[in-house]
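What follows is a short report on a single structure.
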Amino acid sequence: MGGGLFPPGHNVAGRVGESPVKRADAGFTLLEIMVAIVLLGLVLAGVAQLNFALARRFYGLSAGAARDGVLAQQVNQFAALPFDSLKAKAGTITVNKPPLPYSRKVTVDSLSPKLRRVTIVVTPLNPVIRPDTMVLQRSKPGNNPFNKP
Numbered sequence: 075m076g077g078g079l080f081p082p083g084h085n086v087a088g089r090v091g092e093s094p095v096k097r098a099d100a101g102f103t104l105l106e107i108m109v110a111i112v113l114l115g116l117v118l119a120g121v122a123q124l125n126f127a128l129a130r131r132f133y134g135l136s137a138g139a140a141r142d143g144v145l146a147q148q149v150n151q152f153a154a155l156p157f158d159s160l161k162a163k164a165g166t167i168t169v170n171k172p173p174l175p176y177s178r179k180v181t182v183d184s185l186s187p188k189l190r191r192v193t194i195v196v197t198p199l200n201p202v203i204r205p206d207t208m209v210l211q212r213s214k215p216g217n218n219p220f221n222k223p
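Laid out in structure tokens, this is it:
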């Protein structure tokens, strides 16, 4: 073995299959890398599912807030109308404008000659968002019991 094929101090394995590198210095095996990739994939799948659920929840909350805003706008509109004009505004309309395309149905019932009930139903065109209803009772201005001296 003194042929000088290897530089001095080089450790040559004595048998076939042996290596001068110790197991602790060799790095990762293919099995360890595959297990790590599978675990990483499971964690990333869980994070993706969580992000999807959060996005769906935030979409529902923002759409519900938009629906509530539309309903408040409609209530204010019908509260400001003169008493005698309420029946003329009853009916169904559809609005296809962002942020919330919706259909609005208004019914006006006469409870007495001086008292009317206005029912407003706002139904978003997206079936994921639930409809909402508001009921107002309007009386003639001279019939308001709170304005009496």
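Residue 75 is where the sequence shown starts when you use this note's numbering, and the numbers rise one by one after that. Cβ coordinates follow ideal geometry from the N, Cα and C atoms, glycine included.
Assigned with DSSP and collapsed to three states, ILE194 falls in strand. Secondary structure of LYS171 (DSSP, three-state): coil. Taking 9 Å as the cut-off, the Cβ atoms of LEU199 and PRO175 count as close.
In this structure the region 201-216 touches the region 136-149; the number of beta carbon pairs closer than 8 Å is three or more.
Taking C-beta atoms as the reference points, LEU160 and VAL196 fail to come closer than 9 Å.
Judged by DSSP secondary structure, ARG212 falls within the beta strand (DSSP E) whose first and last residues are 206-213. GLY138 and ARG131 have their alpha carbons spaced roughly 11 Å apart. In this model, ILE203 and ALA153 are separated by some 25 Å (Cα to Cα). For SER136, there is no enclosing beta strand (DSSP E); the residue is found in the alpha helix (DSSP H) stretching over 104-154. LYS179 carries a strand assignment under DSSP once its states are collapsed to helix, strand and coil.
Sixteen is the threshold: since fewer than 16 other Cβ atoms of the shown chains lie within 10 Å of the Cβ of VAL121, the residue is exposed. Closest by C-alpha distance to ARG191, out of ASN170, ASP158 and ARG141, is ASP158.
With fewer than 16 neighbouring CB atoms inside 10 Å of its own CB, VAL117 falls in the exposed class.
Of ASN170, GLY143 and GLY216, the smallest CA-CA separation from LEU189 is found for GLY216.
Under the three-state reduction of DSSP, GLY101 is assigned to coil, being neither helix nor strand.
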